[in-house]
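Going line by line, the protein sequences match chains A and B.
Residue 58 in this note's numbering sits at position 41 of the first sequence, with consecutive numbering throughout.
Residue 84 in this note's numbering sits at position 83 of the second sequence, with consecutive numbering throughout.
We treat Cβ as the ideally placed atom computed from N, Cα and C, and that holds for glycine.
One structure is given below, encoded as structure tokens.
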Amino acid sequence: MFELLGVGLLDMFQVKYLVPLFIGTLIGVVGGALPGITITMTVIVVLPFTFGLEPLQGLACMIGVYVGGETGGLITSCLLGIPGKPSAVATTFDGFPMSRNGEPGRALWLGIWASILGGLLGAVVLVAATGPLAQLALRFGPWEYFALFVLALSMVAGLVESSLVKGLLSGALGCVVTVLGNDPVMGQPRLALGISWLEGGIPFLPVLIGVFAFSQIMSELEKSTKNTEALSAALNLAVSHVKVLWEILSRPFLLLWSTFIGLVIGVLPAIGGSAANMLAYDQAKKFSSRPEKFGSGIPEGIIASEASNNANVAGSLVTIMAFGIPGDAVTAVMLGALTIHGIQSGPLFISQNPALAYGMFAAYILAHPLVLILLFLGVRWVLRIVIVPKSILFPVVLVLCVVGAYALGNSMATVYVLFVFGILGYLMVKLGFPLAPFILGVILGDQIEINLVRSLMTDSNLWLFVTRPISALLLAAAAASIVLSIWQHRRMQKKSAVAAGAADF
Amino acid sequence: MNLSKDGWSGLAVLAASLFLFALTLGLKDNPLVPIGPGYYPRIVLAVTAVFALALVVSDFLSEKSVRARESLNYLLVIEMFALFGVYVGALPYLGFRISTFLYVAASNALLDPPRSLKSAARVLLVAAITTVVVYYVFERYLTVLLPRGRWTNF
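What follows is the structure in structure tokens.
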């Protein structure tokens, strides 16, 4: 394992891999720092540029975007009080007050160092756990895969805070998208509705690009706010790095626990760093001896949020590399990139593509020092780029989305899919339907069908789904996650009813 | 019927899933395999219909609270969608270079209307740079053949 990792690291030092990784990291830092531009959108913009590259070059670039974006998001959170991305929201709670208290450099570098340390601790788990988990998944038959995908969908739907029914319905709608067009087992035509470009089925990448890019851009536009916040050119970012590092390392439990939370949330499908940083912040507050100080600019809040969101990246990579299930929207795009290069993700990925897999580990590890170097040299430049007007940025992003969708099949059909799902994605957001279960349904729908049909063609006995131990365990976990969500929703409703009652008096 | 937007969206999904479910009944089974192409879609559509019905029922039974309306610029969103629709529609006819130039210029002008000659020149310059850079990077270096226009052959 370590020998392969060493080879991967040496490979990554070659110019042909290091350059895309560096460019990806730079774009990620800038994209992460831009309020209103999420890492998903940044990686979507980068995607078409990777089509002409070798698979490892493209993936290194995307991993650079991912790691760079997670760290870049904290810059505006700490210095402007505007989270660059959803996974840096909790960083704002203490990062911005610390800046306002006259310590912007301390706030910024606490976040950067916590990100780097959390990310590198996550790398240990990524390298150590992915192989064994993939080995475990190799024992899976179609029954277990079916159950695993159902579990992934039910967990994501259940974790939606607003409405469990909407979460479940959103996941089911994602699966509906996959039943339009030819069936994936025998290729028989079905439900094309007389639309010629539906006959071959709907590829998931233009759906993903459309849903995420349009919902985010249009949601920003409707607010009609400008991002040209006044920046203090005289911002003093000087800080003692030894002191900052000591501030973090003198709180080992906080660092490790936040990293662990980030990893676990990352491993769970399609949840993402936005949940990880809030949960880690909440946990840090609960375990703290001075919870009342949270929100006033204390280091614990920044460390918890930033360590968790970078470790979350490692967790997401574990899930996609071991099981072929995207940990979040960014890894879903990576899954698409793998498919474009003809590489099958899943448990066989590491054994069939060891150079690629360990190259990805190496890219993830090397992206962290690259982020550090970039921010040492140019954090002020990043702050200047952040004020690029949205009137320029958004049309350019949408053009790149069109190019990305078109390049998938050199056909306008995928661009039409992009547009249709762009409208649908925006409507879903406006109607309060969560996007994560929908996207996971679109990605897993075909796989659920293939494994269901394979299992029934092998043996038509439906009881096998509940008599094979791993399958039964996974399905029981799926049912438990739904029951748990119902219980949590009821509890929340009761709490809010009590609060409303108290307010009445 | 006292329904909020949740209830109405549930009803729309319910109607669509029942319509698609009815279409699956017309799918013919393949004699080579025991499970036909309609088997899985029927399960998915039935589950979708059940969830949609649950959403309608829960919305019907829930107490509606009046929420303060946010002041959001929906007109701008509709205009941007319309502009993008025109761009996508024009791509096969005008080709990538002309339609992208027009789209970027128009959307830039829509989002930040030019009020002087200088800002109008900036709009055109941004559109030109975007078109040229994207075209050259993708066509020359990434071997992606971008759409040519049927009318313009450009």
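> Where L481(A) and S488(A) are concerned, what is the direct C-alpha to C-alpha distance, given to the nearest angstrom?
Replying inline: 8 Å
> Can you give the beta carbon distance from A77(A) to A372(A), rounded, assuming they're within the 8 Å contact cut?
Replying inline: Not quite, the Cβ-Cβ distance comes to about 12 Å (not below 8 Å), so this is no contact.
>> Please report the straight-line C-alpha distance between V228(A) and S306(A), rounded to a whole angstrom.
In response: If you take the alpha carbons of V228(A) and S306(A), they lie about 43 Å apart.
> Could you give the distance in angstroms between the alpha-carbon of F85(B) and the alpha-carbon of F436(A)?
Replying inline: 8 Å
> How about the region 103-111 of chain A and the region 349-356 of chain A: do they share at least three Cβ pairs that are nearer than 8 Å?
Replying inline: no
> If we count Cβ pairs, one from each stretch, closer than 8 Å, do we get three or more for the region 107-116 of chain B versus the region 401-416 of chain A?
Replying inline: yes
> What are the boundary residues of the alpha helix (DSSP H) that P14(A) is part of?
Replying inline: Because chain A in this structure spans residues 18 to 522, residue 14(A) falls outside the shown range and cannot be described.
>> Using C-beta distances below 6 Å, list every residue in its chain close to V375(A), excluding the 5 sequence neighbours before and after it, in chain order.
In response: First, the residue type needs correcting, since residue 375(A) is Tyr and not Val in the sequence shown. Excluding sequence neighbours, Y375(A) sits near L21, L22, G25.
>> Between T144(B) and chain A, is any beta-carbon pair separated by less than 8 Å?
In response: yes
> Given that F85(B) touches chain A, what residues does it touch there, using C-beta distances under 7 Å?
Replying inline: L415, F436
> Hey, is F139(B)'s beta-carbon within less than 8 Å of any beta-carbon in chain A?
Replying inline: yes
> Taking all protein chains shown into account, do 16 or more other C-beta atoms lie within 10 angstroms of the C-beta of S180(A), making it buried, or fewer, making it exposed?
Replying inline: buried
> Can you tell me whether G204(A) is buried or exposed, with buried defined as 16 or more other CB within 10 angstroms of its CB?
Replying inline: exposed
> Does any CB atom of chain B fall closer than 8 Å to the CB of Y34(A)?
Replying inline: No, its Cβ sits nowhere closer than 8 Å to a Cβ of chain B.
>> With a threshold of 8 Å, are at least 3 pairs of Cβ atoms found where one atom belongs to the region 311-330 of chain A and the other to the region 126-140 of chain A?
In response: yes
> Roughly how many angstroms separate the alpha carbons of R471(A) and S368(A), rounded to a whole number?
Replying inline: 23 Å
>> In this structure, how does DSSP classify K240(A) when only helix, strand and coil are distinguished?
In response: helix
>> Runs of 4 residues minimum, wholly inside the region 157-209 of chain A: which ones carry the alpha helix (DSSP H) assignment?
In response: 159-175, 181-196
> Which chain B residues sit within Cβ distance under 7 Å of E466(A)?
Replying inline: Close to E466(A), with beta-carbon spacing below 7 Å, are these residues of chain B in chain order: Y41.
>> Against K6(B), what residues of chain A qualify as contacts under a CB-to-CB distance less than 9 Å, listed in chain order?
In response: K447, L448, G449
>> Can you pull the chain B neighbours of K407(A), defined as C-beta to C-beta under 8 Å?
In response: Under the 8 Å cutoff, chain B gives L112.
>> Excluding the 5 residues flanking F531(A) on each side, which residues of the same chain have their C-beta closer than 8 Å to its C-beta?
In response: Since the first and last residues shown for chain A are 18 and 522, residue 531(A) lies out of range.
>> For a contact defined as C-beta to C-beta under 8 Å, what are the partners of K183(A) on chain B?
In response: D7, L56
> Whole-angstrom Cβ separation of A174(A) and L185(A), contact assumed at under 8 Å?
Replying inline: Rounded, the Cβ-Cβ distance is 5 Å, consistent with contact.
> What whole-angstrom Cβ distance do V388(A) and V194(A) have, given they're in contact under 8 Å?
Replying inline: Going by Cβ atoms, the distance from V388(A) to V194(A) rounds to 36 Å, so no, they are not a contact pair.
>> Measuring straight from C-alpha to C-alpha, what distance separates L383(A) and L15(B)?
In response: Their backbone Cα atoms lie some 49 Å apart in a straight line.
>> Taking only three categories from DSSP, how would you classify A255(A)?
In response: The answer is coil: DSSP assigns A255(A) none of H, G, I, E or B.
> Among L334(A), L127(A), A189(A), which residue has its Cα nearest to the Cα of I44(B)?
Replying inline: A189(A)
> Which first and last residues belong to the alpha helix (DSSP H) in which T484(A) is found?
Replying inline: 481-484
>> Quick check: the Cα distance between E246(A) and I357(A), rounded to an integer number of angstroms?
In response: Bear in mind that a pLDDT of 47 at E246(A), under 50, signals an unreliable position, so the number given afterwards is only what the model happens to contain. Roughly 40 Å between the two C-alpha positions.
> Would a C-beta distance cut-off of 8 Å place K183(A) and L56(B) closer than the cut-off?
Replying inline: In this structure, L56(B) lies closer than 8 Å to K183(A) by Cβ.
> Considering only residues of the same chain and omitting the five flanking positions on each side of A107(A), which have a CB-CB separation below 8 Å?
Replying inline: N294, M295, A297, Y298, G318, A321, S322
> For the ligand MN, is there a heavy atom less than 7 Å away from the beta-carbon of T144(B)?
Replying inline: Among the ligands in the structure shown, none appear at all, so the ligand MN cannot be discussed.
> Between the C-alpha atoms of M172(A) and A493(A), what's the straight-line distance to the nearest angstrom?
Replying inline: 12 Å
> From T144(B) to P451(A), what does the alpha carbon distance come to, in whole angstroms?
Replying inline: Roughly 36 Å between the two C-alpha positions.
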